[in-house]
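Q:
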Amino acid sequence: MKIENKVFTEEKLKTVLDSNSEEAQSTINDEDKFERLVQRLEIKLKLVPGIGKYISDIACMVSLVRSYIKKEYTDIPIGTIISIVSTLIYILSPVDLIPDYIPVVGYLDDLALLSWVLKLIHSDVEEYKKWRIENNKQIVEEI
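So the sequence shown is numbered by my numbering: it starts at 332 and just counts up by one.
Here it is, written out as structure tokens:
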């Protein structure tokens, strides 16, 4: 019996990402709101089994957005910033494609969206990493 994966289609993942765009824009413009988002994310990440390989990427994404908000690093498409913040909002949202209260499986949608967004923004993240090295910036978060 073949089971098809209809839950994580690119169309559904894009819909999820787009559904958080307005809140992402509001969060980008409010440093305190963004900081609260980051702190909530750090708490949630501690609870997620198997997220280890993504922690470094998440920390870099958070650092990138923080640098953007502080106007230290602005040579990046606004769509990349919105995609990152929309993803963080989704990860923290109690309303998921698969509810987080389902052990292990409940985090698959979070990981699927995160993986997809990382593929979309990979070159922008790599450019930010180069900029950070060239400008002696450190990742602030130790997740």
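Cβ atoms here follow ideal geometry from the backbone N, Cα and C, with glycine treated the same way.
Could you spell out where the alpha helix (DSSP H) holding E458 opens and where it closes?
A: Looking up residue 458 in the sequence shown gives position 127. 439-465 is the span of the alpha helix (DSSP H), which, as asked, contains E458.
Q: Can you tell me whether S350 is helix, strand or coil according to DSSP?
A: On the sequence shown, residue 350 is found 19 positions in, with the first residue counted as 1. S350 falls in the helix class under three-state DSSP.
Q: Give the secondary structure of D363 by DSSP, where H, G and I count as helix, E and B as strand, and everything else as coil.
A: Taking the sequence shown and counting its residues from 1, the one referred to as residue 363 is at position 32. D363 falls in the helix class under three-state DSSP.
Q: Mind checking L378: buried by the 16 CB within 10 Å criterion, or exposed?
A: Translated into the one-based positions of the sequence shown, residue 378 becomes position 47. Under this definition L378 is an exposed residue.
Q: Please go through the same chain and pick out, in chain order, the residues whose beta-carbon is closer than 8 Å to the beta-carbon of P408, but skip the five residues on each side of it.
A: Position 77 of the sequence shown, counted from the first residue, corresponds to residue 408. Hits under 8 Å: D455.
Q: Considering only residues of the same chain and omitting the five flanking positions on each side of S357, which have a CB-CB separation below 8 Å?
A: What you label residue 357 is simply residue 26 of the sequence shown in a count that begins at 1. Same-chain partners within the cutoff: K364.
Q: With 16 as the cutoff for other CB atoms within 10 Å, does I389 come out buried or exposed?
A: If you number the sequence shown from 1, residue 389 lands on position 58. When all chains shown are included, I389 counts as buried.
Q: What separation, rounded to the nearest whole angstrom, lies between the Cα atoms of S424 and E362?
A: Here the question's residue 424 lines up with position 93 in the sequence shown. Here the question's residue 362 lines up with position 31 in the sequence shown. So the alpha carbons of these two residues sit roughly 20 Å apart.
Q: According to the neighbour-count rule (16 or more other Cβ atoms, all chains shown, within 10 Å of its Cβ), is Y404 buried or exposed?
A: For the purposes of this step, residue 404 is identified with residue 73 of the sequence shown, where counting begins at 1. Buried, because 16 or more other Cβ atoms sit within 10 Å of the Cβ of Y404.
Q: By the 10 Å Cβ neighbour count, where 16 or more other Cβ atoms means buried, how is N351 classified, buried or exposed?
A: Here residue 351 refers to the residue found at position 20 of the sequence shown. Its Cβ being crowded by 16 or more others within 10 Å, N351 is buried.
Q: Taking the CB atoms as reference points, tell me whether L449 and Y421 lie closer together than 7 Å.
A: The residue labelled residue 449 in the question sits at position 118 within the sequence shown. The residue labelled residue 421 in the question sits at position 90 within the sequence shown. Against a cut-off of 7 Å, the Cβ pair of Y421 and L449 comes out as no contact.
Q: Check this for me: beta carbons of I359 and I415, under 7 Å apart or not?
A: Stepping through the sequence shown from its first residue, residue 359 is reached at position 28. Stepping through the sequence shown from its first residue, residue 415 is reached at position 84. Cβ distance not < 7 Å, so I359 and I415 don't count as in contact.
Q: Determine whether the Cβ of L368 lies closer than 7 Å to any Cβ atom of chain B.
A: Note that chain B does not occur in the displayed structure, where there is just one protein chain.
Q: Just to confirm my understanding: we take I334, look at its own chain, exclude 5 residues before and 5 after, and list those with CB closer than 7 Å. What are they?
A: For the purposes of this step, residue 334 is taken as residue 3 along the sequence shown, with counting starting at 1. Model confidence at I334 stands at a pLDDT of 42, short of 50, so the residue's coordinates are unreliable; what they give is reported in the following sentence. Here the set comprises nothing.
Q: So which of V435, T340, A355, K343 has the shortest CA-CA distance to V396?
A: The sequence position of residue 396 within the sequence shown is 65, counting from 1. Considering only alpha carbons, the answer is A355.
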